[in-house]
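Number of protein chains: 2
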Amino acid sequence: MNIIEQARLAKTASRTTRTLTLEQRNTVLLQFAENLVKQADHVISENLKDIEEARRNGLSEAMIDRLTLTAGRIEGMAEGIRQIADLEDPLGKVLDDRIIRCGIHLKKITSAVGVIGIIFESRPNVTADCAALCLKAGSACVLKGGKESYRSCLAVVDVLKEILKENGIDENAVTLAERPSHEETQRFMECTEYVDLLIPRGGKKLIRAVVDHAKVPVIETGAGVCHVFVDASADQDMAEKIVINAKCSRPSVCNAMETLLVHKDAAAAFLPRITAKLAENGVTEIYGDEKSCAVCPSYQKADEQSWHTEYNDLIMNVKTVDSVEEAVSHIETYGTHHSDAIITEDDENAVYFLNNVDSACTYHNASTRFTDGFEFGLGAEIGISTQKLHARGPMGLNELTTYRYLLEGKGEIR
Amino acid sequence: MNIIEQARLAKTASRTTRTLTLEQRNTVLLQFAENLVKQADHVISENLKDIEEARRNGLSEAMIDRLTLTAGRIEGMAEGIRQIADLEDPLGKVLDDRIIRCGIHLKKITSAVGVIGIIFESRPNVTADCAALCLKAGSACVLKGGKESYRSCLAVVDVLKEILKENGIDENAVTLAERPSHEETQRFMECTEYVDLLIPRGGKKLIRAVVDHAKVPVIETGAGVCHVFVDASADQDMAEKIVINAKCSRPSVCNAMETLLVHKDAAAAFLPRITAKLAENGVTEIYGDEKSCAVCPSYQKADEQSWHTEYNDLIMNVKTVDSVEEAVSHIETYGTHHSDAIITEDDENAVYFLNNVDSACTYHNASTRFTDGFEFGLGAEIGISTQKLHARGPMGLNELTTYRYLLEGKGEIR
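In order, the protein sequence lines correspond to chains A and B. Its first residue numbered 6, the first sequence is counted upward by one per residue in our numbering. Its first residue numbered 6, the second sequence is counted upward by one per residue in our numbering.
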């Protein structure tokens, strides 16, 4: 079926999903988790077909690893779904409740978005995760994954569709796009009639393509050029611990540090020790400005592009700055407003940094790696927003909802 | 100056505006209101030049009326600005404040969006209104009005720029685009680097053009195909009062009713009386479905397009429906999710309607005309959002802000 037709059916289904009770939604989720594990053999056999085709097409082993489902990974997916079932109901929360001046009783309550389109790459576990989050948030979803994972994603979605049918719920509440052409995907991203929100999940190129071509509102996620600024007064042991954690604990993720900024008064002592420690952790490719290169001759010379780069790898930049103001100015110029940290014992500088860095998450004396839905206590997350509208930073269930006004009158006219 | 360069300067200015204290922002606003009145003669003489040119170009008298500034209208603009100064600070509100599991102290606070682009038509009072709202919300703004009002808008903006300079604030916090070409405007709407949010203010065509061409996030405002459903059990006196108010009190606005839905059991009694009353109020062009036309032969036959039309005029549709379910289904199919009302004495039907109509504002026994920032007690409004992301319904100052997380640690790593 054409993806636009799928979206149309999802729109119709969304009229049902948004009125399901919490119990109905949770029942579906728990049965979904259960059946996913029960039918793991089928899902894995479909996954094997994807993997065979991927190998024939010469996909890299890293890509094939991302594509691969095992019994353990399926149990992980099921556990994720159970956790979503455990979360508090994001719908029907009363945000405002009062009598307005004309006498009407106004209530502002959280409600479902409608149809959410998720455009992702090749990881089939995204399917279960997103479908479960959208359903819990009362929305229907249209999932458009990479072609190479189609059979795996379909097997997962079919498990959920079966449960929906058994519970008398429109099975179009979850839909996997049937390998749409580039042109069809384009039309889908323009389809404001049936789709209320698009969330791209994947690398920078995918996100850029969606933002550039969509007419449906998009939430940008994931691009993270994150900074750690080590101030003159920083506790250097703490700074070392945080920099190593921010860069090395998981360099491929968006909340990992890409650029280390060091105050000029700390550079001579801090740069040699952190450089040695980074090398121990596998970071040997470092791009520095002139002053930093003078202290650490092992650095390569950074250029303008370096400061903009999200390496997602054991590579980074180092810049020596004259002041907290210069650090902030660098972050505002080159950052992506994701997560940035200052390490300092100087409260005035900390306050200046927190007030003037305009990022989703700004840290004082902690690692940028904490920017995460689970760490923030939001439960599951669908991504980390780097834009300013609707949601910023980790997006949990609440950020997958909208609100509406209900107004109860007694014949009031204006 | 090129509009992109103007946006770049606004971005720099936004680093200042977002940190201004409430007192600084209010001082600027009050001086702006004062000087606008003091310099009314200059503003009016610039406005006269716009009007002369508009007449030479053959603009309609209705357009010229919208363009015209008088001493009274300028006093009205000043009063609007003073009211904005009076509003509570939308910035720095603490939305969340707790220790997360790793021990970090998390605070979620409201903060400025950055640079807001407003694209509007020919009413010069929009300039003062939008600039004041954006500044109060801590954001810089780039205003792009219709060419025919350029001199008038510039005169208004210059008053504010002067005040900004006198207060030592970057005057690029407010900028009027210098009659950009179509192509430049297009580039502006794509300029995610410097612009954080676009708000189109104007007719349907303008809004559609912005949504279709922008890459910067847009908030759609204003399109309103609003419905009133008169149920079988409705108090027909109340229904008459509400229908007349919803249609006739100000037919040109987006919260006016376009389609009247009537339950089949009420149609025979209600349609003739409301049709007579509507005629008294100037509504003589009515498009009806077959059943309604059978009751009121004065109606013209509605076609598919009628139900989608926002007349903004003394023209409307009437449809007879079999049930509250059919009424909801019609609204979900043809409405714009703006404002819809049910008139009924049946609580079960009221609850069904409120739960199943997915509009920004859903009314029971009251007129749709109340959908308005002032009426809702939000103070000034910048528009009425008909999309589901970020803001829905009347957008006041709070809806012109975003939030960010501040995280205070003691060396935590993940």
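Note that CB positions come from ideal geometry on N, CA and C, so glycine has one too. The structure presented is a predicted model; accordingly, all values stated were derived computationally and were not measured.
- For residue 210 of chain A, DSSP assigns no beta-bridge partner whatsoever.
- For residue 329 of chain B, the closest alpha carbon among the candidates B:50, B:237, B:152 and B:313 is that of B:237.
- For residue 369 of chain B, the beta-bridge partners assigned by DSSP are A:413 and B:347.
- At a cut-off of 4 residues, the continuous stretches assigned as alpha helix (DSSP H) that sit fully inside the stretch 300–352 of chain A are 309–313 and 329–339.
- For residue 413 of chain A, the chain B residues whose C-beta falls within less than 7 Å of its own C-beta are 369, listed in chain order.
- If you look at residue 395 of chain A, you'll find it isn't in any beta strand (DSSP E); DSSP assigns it neither H nor E.
- Residue 152 of chain A is bridged by DSSP to nothing; it lacks a bridge partner.
- Residues of chain B whose Cβ lies closer than 7 Å to the Cβ of residue 107 of chain A are, in chain order, 375 and 380.
- For the 8 Å CB-CB criterion, residue 367 of chain A and residue 359 of chain A form a contact.
- Taking 8 Å as the threshold, the shortest C-beta distance from residue 309 of chain A to chain B does not fall below it.
- Using a CB distance below 7 Å, the part of the stretch 198–230 of chain B facing chain A consists of 201, 202, 216, 217, 220 and 222, ordered along the chain.
- In the DSSP assignment, residue 400 of chain A forms a beta bridge with A:388.
- In this structure, the beta-carbon distance from residue 89 of chain B to residue 141 of chain B falls below 8 Å.
- Under a 10 Å Cβ-count criterion, residue 36 of chain A is classified as buried, with 16 or more other Cβ atoms of the shown protein chains found around its own Cβ.
- For residue 294 of chain A, same chain residues with a beta-carbon under 7 Å away, outside a window of 5 residues either side, are 307, 324 and 325 in chain order.
- If you compare the alpha carbons of A:104, A:95 and A:168 with that of residue 39 of chain A, the shortest gap goes to A:168.
- Residue 406 of chain B sits close to residue 118 of chain B, with the two beta carbons spaced by under 8 Å.
- Here residue 224 of chain A carries a coil assignment [DSSP, helix/strand/coil].
- Counting only Cβ-Cβ distances below 7 Å, residue 24 of chain A has contacts in chain B at 360 and 361, in chain order.
- Using a 10 angstroms sphere on the CB of residue 229 of chain A, the tally of other CB atoms reaches 16 or more, which defines it as buried.
- In this structure, residue 76 of chain A keeps its C-beta atom at 8 Å or more from the C-beta atom of residue 41 of chain A.
- Partner residues in the beta bridge of residue 181 of chain A, as assigned by DSSP, are A:148.
- Annotation: the stretch 249–309 of chain A contains the following complete segments of the beta strand (DSSP E) (minimum length 3 residues), in chain order: 262–268 and 290–293.
- Excluding residues up to 5 positions away in sequence, 329 lie with their Cβ nearer than 6 Å to the Cβ of residue 357 of chain A in the same chain.
- DSSP places residue 99 of chain A in the strand class (E or B) of the three-state scheme.
- Taking all protein chains in view, the Cβ of residue 393 of chain A is crowded by 16 or more other Cβ atoms within 10 Å, so the residue is classified as buried.
- Against chain B, the CB of residue 278 of chain A has no partner CB under 8 Å away; the residue lies outside that interface.
- Inclusion of residue 48 of chain A and residue 69 of chain A in the CB contact set at 8 Å is not warranted, their separation being larger than that value.
- The continuous alpha helix (DSSP H) containing residue 89 of chain A extends over residues 76–91.
- Look at the beta carbons and you see the stretch 141–150 of chain A touching the stretch 113–131 of chain A: at least three pairs across the two are nearer than 8 Å.
- Within chain A, 240, 243, 246, 247, 370 and 371 have C-beta atoms less than 8 Å from the C-beta of residue 416 of chain B, given in sequence order.
- Close partners of residue 143 of chain A in chain B (Cβ separation under 9 Å) are lacking, with about 11 Å as the shortest Cβ gap.
- Comparing alpha carbon positions, the residue from B:312, B:201 and B:302 closest to residue 395 of chain B is B:201.
- The C-beta of residue 166 of chain B has 16 or more other C-beta atoms within 10 Å across all chains shown, which makes the residue buried.
- Taking 8 Å as the cut-off, the Cβ atoms of residue 260 of chain A and residue 343 of chain A count as close.
- Residue pairing by DSSP places residue 21 of chain A opposite no residue, since no beta bridge is assigned to it.
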